[in-house]
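Undergrad: Sequential numbering from 30 applies to the sequence shown in the numbering used here.
Beta carbons are placed, not taken as given, at the ideal position from N, Cα and C, and that holds for glycine.
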Amino acid sequence: DTRLSMAKNDYIIHCMVLVLESNTFNWVKIESLNVLAELTSCEQADTAIIPIGRIIGGLSDCLLSSKSKIIESSLRVLLNLSTAMKNRQFLGKRNDTIGVLLYFSSLHEDGSEGKRKLAIGTLGNLSACDD
Numbered sequence: 030d031t032r033l034s035m036a037k038n039d040y041i042i043h044c045m046v047l048v049l050e051s052n053t054f055n056w057v058k059i060e061s062l063n064v065l066a067e068l069t070s071c072e073q074a075d076t077a078i079i080p081i082g083r084i085i086g087g088l089s090d091c092l093l094s095s096k097s098k099i100i101e102s103s104l105r106v107l108l109n110l111s112t113a114m115k116n117r118q119f120l121g122k123r124n125d126t127i128g129v130l131l132y133f134s135s136l137h138e139d140g141s142e143g144k145r146k147l148a149i150g151t152l153g154n155l156s157a158c159d160d
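Spelled out as structure tokens, the structure:
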């Protein structure tokens, strides 16, 4: 399948992360996040395909954005990444990631149900870790 072979391509992942870490237009970052969301949807419970260590820095930057769509797209990527057990172990040990997820799942956040749902779903996946 094309999406799976693209997800395994380090060069594609690297290029998308470079966009996230750049000072480019917000719409370009959103498109890169959409690509990553599609590719991370290939993650399965028993295998981790995407190099999460490479993605997390760019995602962390995007989660601090003032743009709601960038944050929501970043949370969608985290949710997809959290479906793989290996990624759950990695993400669950990161206090910064847990803190961001707790913030966006809280009731006093900016009121976005979409962000809240994605954050709570990711926390649910992380809590199901066998570690």
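Do R105 and C71 have their beta-carbon atoms positioned less than 8 Å apart in this structure?
TA: no
Undergrad: For T76, which of helix, strand or coil comes out of DSSP?
TA: strand
Undergrad: DSSP state of S97, grouped into three classes?
TA: helix
Undergrad: Between the C-alpha atoms of V46 and R117, what's the straight-line distance to the nearest angstrom?
TA: 20 Å
Undergrad: Can you tell me whether N109 is buried or exposed, with buried defined as 16 or more other CB within 10 angstroms of its CB?
TA: buried
Undergrad: Measuring CA to CA, which of N55, G87, Y132 is closest to A95?
TA: In the sequence on display, residue 95 carries Ser and not Ala. It is N55.
Undergrad: Nearest CA to the CA of L62: which residue from D39, R83, I100?
TA: I100
Undergrad: Please identify the residue among T69, N52, H43, N38 whose C-alpha is closest to the C-alpha of S103.
TA: T69
Undergrad: So, S134 versus R123, is the Cβ gap smaller than 8 Å?
TA: no
Undergrad: Name the two residues that bound the continuous alpha helix (DSSP H) containing F54.
TA: No residue range can be given for F54, since it is assigned to no alpha helix (DSSP H) and is classified by DSSP as neither H nor E.
Undergrad: What's the gap between the Cα of N38 and the Cα of S111?
TA: So the two alpha carbons sit approximately 19 Å from each other.
Undergrad: Hey, out of I149, G121, I42, whose CA is closest to L136's CA?
TA: I149
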